[in-house]
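Taking it in order: structure first as structure tokens, then the write-up.
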Amino acid sequence: MSSKDSILKIETHNVPALLHNERLQDYAVGIFSTIVSRKGIKKVIKNGLVRVNSEKGYTGDWIKGGEVIELYRDPNLKKPGIDLSLEVLYEDDHLAIIFKPAGILVSGNKKFTIENALSFNLTRSHQPDALPYPEPIHRLDYPTTGALLIGKTTSTVTALNKQFENRAISKFYIVVVIGAINDYGIITADIDGKPSKSEYKKLATIPSVKYEFLNLLELVPHTGRRHQLRKHLAGIGNPIFGDALYDKEGKNVKGKGLYLHAFSLKFDHPVTEEKIFIRAPLPKKFSNLFPSN
């Protein structure tokens, strides 16, 4: 970590009187224009770039009111970038939707991520609150393909995060699952002790010598738990084709790739209020199995 003398102060926030004490990692969400997400706040705090009353801040510090919170940046640390070509499905000055390929993380500590490739593929916003780098609004698993929503300004990221919290953004997935399954169903099994809900509709079925049946499903996650769709489908005995991780009965095989695709996003544009509905084309491996769909 850099010494205090080598880092630059970029924003200051004066805490007003508070009705209730809050942890720094919770209170600091939204107080800085350059760091708007909860994940981003945690990261800069852990990197020693947030100070409370001139002292290093920690995620668990209590904020009681009257403190001065300062955000710094380390000029020696530059965001890594990778020149990876991405398909842009939609873009304006506020947000974008890109096609996430399989086999790459959306974000994280590694250099090779979607987040680090966004600047090479998107036009920088001209808005007054433009972010220095575009920011993914949600996650897709490493092996998952499909539509990924990106924010380009502070206000847009804040508004889209709020829409996700209020479940105002509709996400539709296309998957292939193994075994006999009903034409329609709702799965409500808790995940990690939290209420969870997924809805599915069968679009097509083909016989399989090895798996009995392979089914093409449309899926709607009504909650957003980690690996929710994968866990829910495996839990009813219909694991996603290619998902050896959650196939407890050993039906699946490795090397097929995960047949889980984020097919579409539907939401109200936070600035123009336009109805946005974007589809991400199905990868060829789906049409190879189900050529008529």
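The opening residue of the sequence shown carries number 2 in the numbering used here; numbering runs sequentially from there. The beta-carbon is built from N, C-alpha and C at its ideal position, and this holds for glycine as well. Please read all numbers here as calculations on a predicted model, not as lab measurements.
For PHE278, the secondary structure class from DSSP, reduced to helix, strand or coil, is strand. Residues of the same chain with a CB within less than 7 Å of the CB of SER120, apart from the 5 flanking positions on each side, are GLY82, TYR134, PRO135 in chain order. DSSP links LYS195 through a beta bridge to ILE192. A residue is called buried when at least 16 other Cβ atoms come within 10 angstroms of its Cβ; TYR260 meets this threshold and is buried. For a cut-off of 8 Å, the C-beta gap from SER199 to ILE207 is around 23 Å, too long to register as a contact.
Per the coordinates, the alpha-carbon of PRO196 lies some 9 Å from the alpha-carbon of ARG226.
DSSP, read as helix, strand or coil, puts THR157 in helix. Taking the Cβ atoms as the reference, LYS101 lies roughly 19 Å from THR157, outside the contact range of under 8 Å. By the neighbour-count criterion, in which 16 or more other beta carbons inside 10 Å mark a residue as buried, GLU213 falls on the exposed side. At least 7 Å separates the beta-carbon of ASP191 from that of LYS203.
The beta carbon of PHE113 is closer than 7 Å to those of ILE83, ILE105 in its chain, skipping five residues each way along the sequence. Within 10 angstroms of the beta-carbon of HIS95 lie 16 or more other beta-carbons, which makes it buried.
In this chain, ASP130 is not harboured by any alpha helix (DSSP H), its DSSP state being neither H nor E.
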